[in-house]
Each structure stands twice: as C-alpha cells, then as structure tokens.
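**Q** Residue numbering for the sequence shown follows the UniProt record's numbering, starting at 1 and increasing by one per position.
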Amino acid sequence: MTTKVEKSIEVQVPVSTAYNQWTQFEEFPRFMGGVKEVRQLDDKRLHWTAQIGGVKREWDARILEQVPDTKVAWAATEGATNAGAVYFEPLGPGRTAVRLHLEYEPEGLVEKAGDALNIVEKQAESDLEKFRSYIESRGAESGGWRGSVNDGLSVGTPGVEDAPASRGDSGKAGVSGRTVAAGAAAAAAGIAAAAAAKHRSDGSQDVDRTTVSEPDYVVTETEVVPVADPDHPITGSNPGRTF
1 MTTKVEKSIE VQVPVSTAYN QWTQFEEFPR FMGGVKEVRQ LDDKRLHWTA QIGGVKREWD
61 ARILEQVPDT KVAWAATEGA TNAGAVYFEP LGPGRTAVRL HLEYEPEGLV EKAGDALNIV
121 EKQAESDLEK FRSYIESRGA ESGGWRGSVN DGLSVGTPGV EDAPASRGDS GKAGVSGRTV
181 AAGAAAAAAG IAAAAAAKHR SDGSQDVDRT TVSEPDYVVT ETEVVPVADP DHPITGSNPG
241 RTF
C-alpha cells in the first residue's frame, strides 16, 4: 500500500532563486530533517541517506524530468521506494509557490507504524518551512544548474509505479538491528497509546499511564523477532512471528 503526500509553501524570493537553490541537491541536509547525505552521482542520478522515525534508509534516485524554474521529478531506482515531483510557480516579482508531491511505499513494521502516525507527512511540511527560512535568510541561491532533463517531454507526477526496481527490499536496506529494535519499541508504544486513547473515547473506564521500558524483542542481523509471551498485548496472540 502506498502513501501520497502533497504540501506547498510560499517563499519570498523570485522563482529562479527558489528553483536554483533546489537544484543544489547536496545541500538538502541543511534544511531537510532526517536527511544525512545526498550525493549527486551525475546530472540525473542521486544517492540518498536518511533517518526518519528511527529508521535509517538509503536509496538511489533518477531525475526523470527537470525544467528550469518549473519542475524537478524523480523516481527511486534502488532502496526505499519513492517518487514524486517539486513544482515552482511564480506569484509575482519576488514570490514563488513551491509544491511538493511525494508518493512512497512504507516497508516493514517500523515504517508502517510511522506511516500510521503521519511521520513523513509532518517531516515534509517541516522541510518546506525550513527551505523557506534557508533561502529567505540568504536572499540569494548558493548555486544553480540550468540544464534540462528529458528534453521537454513531460512525465507528469511520477508515482511508485515509476520506481519498480526499488520495490521488494522489505524495509531492510540500510537498517541496523539496534535502530530497528528502538523503532519497534517506539512503534509498539505508539500503537498502545492509540489503543488507550480509543478505549477512553468509547466511554469505557480510563486506562492508567504506563512507562515503556526495555523492548520485548530479540534482534537478529536482519529481523526483529517478538519474544513468545502469551500476556504480551502485541505478540501474545501470535508468539514467535517474525517481521
């Protein structure tokens, strides 16, 4: 199941300034939370390293279409499955609308739990706000690439169907055992909290607040295995299941 995120923001700079700054992909960690590194391999290929919601992910992406002052569209070719486009629209001499369209495919227990809590959507909104602060505080772009990709042939807004080569890694690419264990514990806590909130909203008796301590998980090299515990609220109904 895929998830779509659409966010937009207005920045107080000319469209060429906003677009030029966005083409400086290796500077994304300056304003994108969770993005640790972006390496531009050539005019069309990027390698990303990110950590969002306690999960480290790496992927390669290919720029499918790039039109100066108008659009940058991409799709993953390996690793985390995602695709989308960023659009730039002039609103006046010194104002620009920046619109982000992102489609991604959460994989594994931790990412699916994070998706239920809208972590990526909130991160995208925060990133656009940080981009506005970054470019407006500078007043000018740090660089720019004015070339085109795809020779003016529009690809529309790419979705995950445009990233078939990146699908099927089951959320394990770039994820350490320690990170998954921590994320799984956080996911379990989030699910329990949501269940408690629903219990209260139904008019039933109140639920005492609890403190999450050590996670009831055993970490292997590539998997998180719940410990068989018949009384555990998550694993008790199906002990020994591997995610």
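Yeah, the Cβ is synthetic: ideal placement off N, Cα and C, and Gly gets one too. If you're wondering where the values come from, they're calculated on a predicted model, not measured in any experiment.
1. Going along the chain, which unbroken runs of the alpha helix (DSSP H) with 4 or more residues stay wholly within the segment 133–174?
2. Can you tell me whether DSSP reads Phe88 as helix, strand or coil?
3. Hey, could you find the ends of the beta strand (DSSP E) Glu27 is sitting in?
4. In terms of residue numbering, what span does the beta strand (DSSP E) encompassing Gln12 cover?
5. Where does Ala83 land, buried or exposed, given buried means 16+ other C-beta within 10 angstroms?
6. Apart from the five residues just before and just after Ala97, which ones in its own chain have a Cβ nearer than 7 Å to its Cβ?
7. Leaving aside the five residues before and after Val13 along the sequence, list all residues of the same chain whose C-beta is less than 7 Å from its C-beta, in chain order.
8. Is it a yes or a no for the segment 152–167 touching the segment 36–43, going by three-plus beta-carbon pairs under 8 Å?
9. What's the gap between the Cα of Ser133 and the Cα of Asn20?
10. Using only the alpha-carbon positions, how far apart do His47 and Trp59 sit?
11. Assuming Thr157 and Ala85 form a contact by the criterion Cβ under 8 Å, report the distance between their Cβ atoms to the nearest whole angstrom.
12. I need the boundaries of the beta strand (DSSP E) containing Glu37, first residue and last residue.
13. Where do the ends of the beta strand (DSSP E) carrying Asp60 lie?
14. Find out if the Cβ-Cβ distance for the pair Ser126, Val67 is shorter than 8 Å.
15. Given a cut-off of 8 Å, decide if Ala73 and Ser166 are closer than it, judged by their beta-carbon atoms.
16. Tell me whether the beta-carbon of Val110 lies closer than 8 Å to the beta-carbon of Gly33.
**A** According to the data block:
1. Runs of the alpha helix (DSSP H) spanning 4 or more residues and lying entirely within the segment 133–174 do not occur at all.
2. Note: Phe88 maps to strand in three-state DSSP.
3. It is not in any beta strand (DSSP E) - Glu27 carries neither H nor E in the DSSP assignment.
4. Following the DSSP letters along the chain, one finds Gln12 in no beta strand (DSSP E), marked with neither H nor E.
5. With a 10 Å radius around the Cβ and a threshold of 16 neighbouring Cβ atoms, Ala83 comes out buried.
6. Here the set comprises Ser8, Glu10, Glu89, Leu91.
7. The residues Gly94, Thr96, Ile135, Glu136, in chain order, have a CB closer than 7 Å to that of Val13 in the same chain once the five nearest residues on each side in sequence are set aside.
8. The answer is no - the segment 36–43 does not touch the segment 152–167, with fewer than three Cβ pairs under 8 Å.
9. Rounded to whole angstroms, Ser133 to Asn20 spans 16 Å at the Cα level.
10. Near 6 Å, if we compare the C-alpha coordinates of Trp59 and His47.
11. Between Ala85 and Thr157 the Cβ distance is about 5 Å, and since that is below 8 Å, they are a contact.
12. Here the beta strand (DSSP E) through Glu37 covers 35–40.
13. Looking at the DSSP string, the run of the beta strand (DSSP E) that includes Asp60 is 55–67.
14. Between Ser126 and Val67, the gap from beta carbon to beta carbon reaches 8 Å or more.
15. By the CB criterion at 8 Å, Ser166 and Ala73 fall outside the cutoff.
16. Not in contact: Val110 and Gly33 (Cβ atoms no closer than 8 Å).
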